[in-house]
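To start, the structure itself, in structure tokens.
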């Protein structure tokens, strides 16, 4: 099994909020309006990956659709909350607590205080440029001294 995985529709159907997924995908859609699920998944994945990358402690997977497998359940619930928000549906107490947990986890990831799996295919690390540096130029003569400037 991969350590980093994408969020799929099957993941949503396997979650504790499975019965909400299809109604939330179709509720309050105007004719011709696209499915709101893909953007909700993308926003959640971007939030998680950005927090992980910001910490500098871990590198994210090259596949921009993947997140650490250990964060999948948290991410799936976040996607459902985003869909509920889009449909202007209030969150119940459990969902509010889940959102607080999600935000706290993002903060911990951001600070590098929550461990994540090593990416299956990590993005390359930052390139450190070596060499060059600055050159110090020193001169024996000091043309501008307090004495030479005293008459100005």
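Numbering (the UniProt record's numbering), first residue to last: 1 to 152. Positions of the beta carbon are idealized from the N, C-alpha and C atoms, including for glycine. Predicted model, so just to flag it, every value in this text is computed and none were measured.
- No Cβ-Cβ contact shorter than 9 Å links residue 111 with residue 59.
- When only Cα atoms are considered, residue 46 and residue 145 end up about 59 Å apart.
- As computed with DSSP, residue 66 is found in a beta bridge with 6.
- For residue 27 and residue 54, the gap between their C-alpha atoms comes out near 35 Å.
- Between the C-alpha atoms of residue 61 and residue 68 there is a straight-line separation of about 9 Å.
- Secondary structure note for residue 40: its alpha helix (DSSP H) is the uninterrupted segment 37 to 55.
- In summary, residue 106 is buried, with 16 or more beta-carbon neighbours lying within 10 Å of its beta-carbon over all protein chains present.
- Sorting 7, 5, 20, 9 by C-alpha distance to the C-alpha of residue 84 places 20 at the top.
- Taking residue 57 as the centre and dropping the five residues before and after it, the same chain places the C-beta of 112 closer than 6 Å to its C-beta, in chain order.
- Collapsing the DSSP output to three states places residue 115 in coil.
- Contact annotation: residue 79 and residue 44 have beta-carbon atoms nearer than 9 Å.
- By the neighbour-count criterion, in which 16 or more other beta carbons inside 10 Å mark a residue as buried, residue 17 falls on the buried side.
- Rounded to the nearest angstrom, the Cβ distance from residue 52 to residue 109 is 5 Å, consistent with a contact under 8 Å.
- Taking the Cα of residue 1 as reference, the smallest distance to any Cα among 150, 41, 70, 122 is reached at 70.
- Counting along the chain, residue 23 sits inside the alpha helix (DSSP H) bounded by residues 18 to 26.
- Counting only the Cα atoms, residue 65 lies some 13 Å from residue 9.
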